[in-house]
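Notes follow once the structure below has been shown.
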Amino acid sequence: MTSTDTWDMVMVHRVFRREFRMMPALVRAVPPGDVTRAEVLGEHLANVAAGLHHHHTAEDEMVWPLLLDRARMHTDLINRMEAQHERLHEPLDRLGTLLPRWRAEARADDRDALADVLAQASVALDEHLADEEREVLPIIERHLTPAEWSAVGERGREVIPKGKRALVFLGAILEEATPSEKKRFLAELPVPARVLWRLAGDRVYTTSRDRIRITA
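The opening position of the sequence shown corresponds to residue 21 in my numbering, with each subsequent residue numbered one higher.
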């Protein structure tokens, strides 16, 4: 079997790590009643959480079953990955309950509860992604074909938005990429997407990023 390259997964993981680490402090900085600021952060949080849910669902449905069938000596490890997904469901479910309420009213108690949930999710996510990168990606490279891994990537691209939001999504992935990673990632995009990024990507992403991360 041709070895499968999982380099793209690490780039996606960086986005989830970064955003969940930053969000607790940004949420706590929102003054009570500031529904405008709560909506800015709330929309971003909803998009990140939806992306993480989609990412994990793709693994649950397209990766773990294949590994459990083909790499049975690693069954305990794969079961641990599934259990870590389950543990993340609790804070993400609470996020789904708290976030709409905070976006609508920007109450201090909802803000503080939301920040605590985000911090909890960030810790659990860091643990899971580190285990996955260190222990599972090498197994994927040996036991999934390049075509199967490509199908997982296609599943992930189903949630990429259109228009300017697509540039924000792409910019989030490229923010911490090395020059070689950025070159490779862009080379694998469809030509229209590459052209759009070169014309407006940096500007659109920087505007969106700064709007989210400003604390004053």
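Backbone N, C-alpha and C fix where the C-beta goes; we use that ideal spot for every residue, glycine too.
Anticipated Cβ contact below 8 Å, residue i with residue j, distance rounded
{"i": "P52", "j": "A133", "result": "Wrong, their Cβ atoms sit about 13 Å apart, outside the cutoff."}
{"i": "R48", "j": "R123", "result": "Not a contact, Cβ separation roughly 16 Å."}
{"i": "T14", "j": "T165", "result": "There is no way to answer for residue 14, as the model of the chain reaches only from 21 to 236."}
{"i": "G173", "j": "D28", "result": "6 Å"}
{"i": "H64", "j": "I232", "result": "5 Å"}
{"i": "E152", "j": "M101", "result": "6 Å"}
{"i": "H75", "j": "G176", "result": "6 Å"}
{"i": "R37", "j": "D146", "result": "6 Å"}
Same chain only: Cβ atoms within 6 Å of residue i, ignoring 5 sequence neighbours per side
{"i": "K182", "result": "none"}
{"i": "P111", "result": "V137, Q140, A141"}
{"i": "E196", "result": "R34"}
{"i": "S228", "result": "V188"}
Contact set for residue i: own chain, Cβ-Cβ below 7 Å, skip 5 residues either direction
{"i": "D54", "result": "A126"}
{"i": "A135", "result": "P44, V47, R48"}
{"i": "G71", "result": "V179"}
Residue i beta carbon near the ligand GDP (any heavy atom closer than 6 Å)
{"i": "E106", "result": "Here there are no bound small molecules, and the ligand GDP is not part of this structure."}
Cβ pair residue i, residue j closer than 7 Å
{"i": "E39", "j": "V68", "result": "yes"}
{"i": "L108", "j": "A150", "result": "no"}
{"i": "L88", "j": "H163", "result": "no"}
{"i": "G62", "j": "L115", "result": "no"}
{"i": "Q104", "j": "H148", "result": "yes"}
{"i": "K184", "j": "V224", "result": "yes"}
Cutoff 8 Å; reference residue i; Cβ partners in own chain excluding five residues on either side
{"i": "V83", "result": "I160, L164, V172"}
{"i": "N205", "result": "For the sequence presented, residue 205 should be read as Phe rather than Asn. Only D28, M31, I193, L194, A197 meet the Cβ criterion."}
{"i": "R57", "result": "V50, P51, A126"}
{"i": "T186", "result": "Reading off the sequence shown, one finds Ala at residue 186, where the question assumed Thr. Result list for A186: I180, A213, L216, in chain order."}
{"i": "L91", "result": "Checking the sequence shown, residue 91 turns out to be Ala, not Leu. Cβ within range, chain order: I98, I159, R162, H163."}
{"i": "M42", "result": "R233"}
{"i": "T26", "result": "L157, I160, E161, W169"}
Tell me, please, whether the region 156-169 touches the region 187-199 by the rule of three or more beta-carbon pairs shorter than 8 Å. No: the two stretches stay apart, fewer than three of their Cβ pairs being nearer than 8 Å.
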